[in-house]
Amino acid sequence: MNDAYYELAVKRNRPELKYVLYVVIDLLACLVFLIAGFTKPLYWIGSAITLLFFYVYLRLRLYEEYEYILVNDELTIDAIFHKEARKALARCNVKDVKSIKLN
Numbered sequence: 023m024n025d026a027y028y029e030l031a032v033k034r035n036r037p038e039l040k041y042v043l044y045v046v047i048d049l050l051a052c053l054v055f056l057i058a059g060f061t062k063p064l065y066w067i068g069s070a071i072t073l074l075f076f077y078v079y080l081r082l083r084l085y086e087e088y089e090y091i092l093v094n095d096e097l098t099i100d101a102i103f104h105k106e107a108r109k110a111l112a113r114c115n116v117k118d119v120k121s122i123k124l125n
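Throughout, our numbering is defined as the position within the sequence shown, counted from one, plus 22.
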């Protein structure tokens with residue numbers, strides 16, 4: 023087999039403002055969790071689920087990398103979240119691509 027294989031992992035650079043927003047959202051969620059717990063004890067369940075949602079969907083996706091794999095004529099682009107979860111974003115044949123636009 024004479025397959026040509028190239029792999030490149032690129033870490034996503036996030037602006038510092040997003041880090042500040044994530045910290046503020048985490049602090050607000052903790053504050054709501056405490057206020058809900060002191061006012062009505064049954065609200066602890068709903069606020070705990072909300073806090074877990076913020077942690078899983080916002081915090082764990084903070085660390086995001088992209089992996090580009092080129093095997094012969096096929097390009098595969100994957101997103102890797104928190105170095106654990108992988109999501110396939112695109113798979114295409116390089117011969118069919120006419121142009122690539124980068125942001």
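Using N, Cα and C, we set each Cβ at its ideal position, and we do this for glycine too.
Where residue i sits in the DSSP three-state scheme
i    : result
V119 : coil
D48  : helix
Y90  : strand
Pairwise C-alpha distance: residue j and residue i
i    : j    : result
V93  : I67  : 49 Å
T72  : L30  : 36 Å
K105 : E89  : 11 Å
E87  : D118 : 25 Å
L74  : A58  : 15 Å
L64  : Y85  : 34 Å
Pick from the options that is closest to residue i, judged by C-alpha positions
i   : options         : result
D25 : E96, L111, K105 : E96
Residue i, enclosing alpha helix (DSSP H) - first and last residue
i   : result
A70 : 65-76
Segment limits, beta strand (DSSP E) that includes residue i
i    : result
E106 : Run containing E106: none; DSSP gives neither H nor E here.
K33  : 27-33
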